[in-house]
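Numbering (our numbering), first residue to last: 224 to 431.
By construction, the Cβ of each residue, glycine as well, lies at the ideal position given by its N, Cα and C atoms.
As the structure is a prediction and not an experimental result, all values here were calculated from the model.
Below is one structure, written out as structure tokens; the observations come after it.
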Ligand SMILES: Cc1cc2nc3c(=O)[nH]c(=O)nc-3n(C[C@H](O)[C@H](O)[C@H](O)COP(=O)(O)O)c2cc1C
């Protein structure tokens, strides 16, 4: 009896330790910089301050990137509305999967995988690295070449949303192809049918 109680306690304790999902505050869907000004400011930056982004900014950023702006459709288009891209975020305290429907970050790993998200030194310092992952099994109507073309185009729209949000919020960002995709997929323990397309660093700009 005593042993059972200890086992249950241990299981609950382990669950509490593992389940560090993050409930994000509701995204603010209004405001921001006028579009033409954001376009005028959009740029790639590679110098980051290490400070973590507040939860509200994280929520707004992810919604702008790939949230739902209609009951079943998103802020970025996707070929034949397959919505096959998933956003993972690598932060100091772990790797998370963005659950746009419930506005949560689901913890995938408590490891800091930021340094694995690219071959350039700044990636380990950027507080947030978004990893764009294509769920290839959701695209069944294309040849392999067509799949690559479509999924990279789909990723590009999301990445541009991130660029515009960052311009509007005076954040630094750069989208990146220089990443060892296979090593990163292995570190993330992605299933075989998932493929990293691009990666994007986001953070406060380093003080000049
Ligand atoms: C598909 C793609 C891949 C890129 N890969 C990298 C990269 O791995 N590392 C990097 O520092 N910049 C990368 N960039 C950013 C480009 O270097 C940058 O957009 C370009 O120099 C133009 O600068 P701008 O974004 O400030 O206009 C990439 C951009 C795109 C669109």
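Compute every distance between the C-beta of residue 400 and the non-hydrogen atoms of ligand 1, then say whether any falls below 8 Å.
Correct: residue 400 has its Cβ closer than 8 Å to ligand 1.
So residue 318 and residue 336 are supposed to be a Cβ contact under 8 Å. How far apart are they, rounded?
5 Å between Cβ atoms; contact.
Between residue 337 and ligand 1, is there a pair consisting of the residue's CB and a ligand heavy atom that are separated by less than 8 Å?
The answer is no for residue 337.
Could you check the C-alpha separation between residue 411 and residue 332 for me, to the nearest Å?
Going by the C-alpha atoms only, they are around 8 Å apart.
With distance defined between alpha-carbon atoms, name the residue in 246, 284 and 273 nearest to residue 390.
Just measuring C-alpha positions, the residue of 246, 284 and 273 sitting nearest residue 390 is 284.
4-residue-minimum alpha helix (DSSP H) runs that sit fully inside the segment 257-303, ordered along the chain
Note on the segment 257-303: whole alpha helix (DSSP H) runs with a minimum of 4 residues are 258-264 and 278-289, in chain order.
Does the segment 285-296 come close enough to the segment 361-373 that 3 or more CB-CB pairs lie under 8 Å?
The segment 361-373 and the segment 285-296 do not touch, with fewer than 3 CB-CB distances between them shorter than 8 Å.
Going straight from the alpha carbon of residue 393 to that of residue 329, what length do you get?
Residue 393 and residue 329 have their C-alpha atoms spaced approximately 27 Å apart.
Where does residue 403 sit, in a helix, a strand or coil, going by DSSP?
In this structure, residue 403 counts as coil in the three-state DSSP scheme.
Residue 402 and residue 385: beta carbons closer than 9 Å?
With respect to residue 385, residue 402 sits apart: the two C-beta atoms are not nearer than 9 Å.
Backbone CA spacing between residue 428 and residue 362 [nearest angstrom]:
Residue 428 and residue 362 have their C-alpha atoms roughly 37 Å apart.
Where residue 427 sits in the DSSP three-state scheme:
Correct three-state label for residue 427: coil.
Taking 8 Å as the cut-off, does the segment 347-360 touch the segment 257-267 (at least 3 CB pairs, one atom from each stretch)?
No, because fewer than three Cβ pairs between the segment 257-267 and the segment 347-360 fall closer than 8 Å, the two stretches do not touch.
Identify, in the order they occur along the chain, each residue of the same chain with its Cβ nearer than 7 Å to the Cβ of residue 232, setting aside the five sequence neighbours on each side.
Confidence is the limiting factor: at residue 232 the pLDDT is only 47, short of 50, which leaves the residue's position unreliable, though a coordinate-based value still follows. Cβ neighbours of residue 232 within its own chain (closer than 7 Å, five residues either side excluded): none.
Answer with buried or exposed for residue 263, where buried requires no fewer than 16 other C-beta atoms within 10 angstroms of its C-beta.
That one is exposed.
What does the Cβ neighbour count give for residue 292, buried or exposed, with the cut at 16 atoms within 10 Å?
Under this definition residue 292 is an exposed residue.
Could you spell out the range, first to last residue, of the beta strand (DSSP E) harbouring residue 352?
Note, residue 352: beta strand (DSSP E), 351-358.
Taking 6 Å as the limit between beta carbons, can you name the residues of its chain near residue 388, skipping five residues before and five after?
The residues 284 and 287, in chain order, have a CB closer than 6 Å to that of residue 388 in the same chain once the five nearest residues on each side in sequence are set aside.
Taking Cβ to Cβ, would you say residue 351 is nearer than 9 Å to residue 430?
For residue 351 and residue 430, no; Cβs fall outside 9 Å.
Taking only the alpha-carbon atoms, compute the straight-line gap between residue 272 and residue 294 and give it to the nearest angstrom.
Looking at the two C-alpha atoms, the distance is approximately 36 Å.
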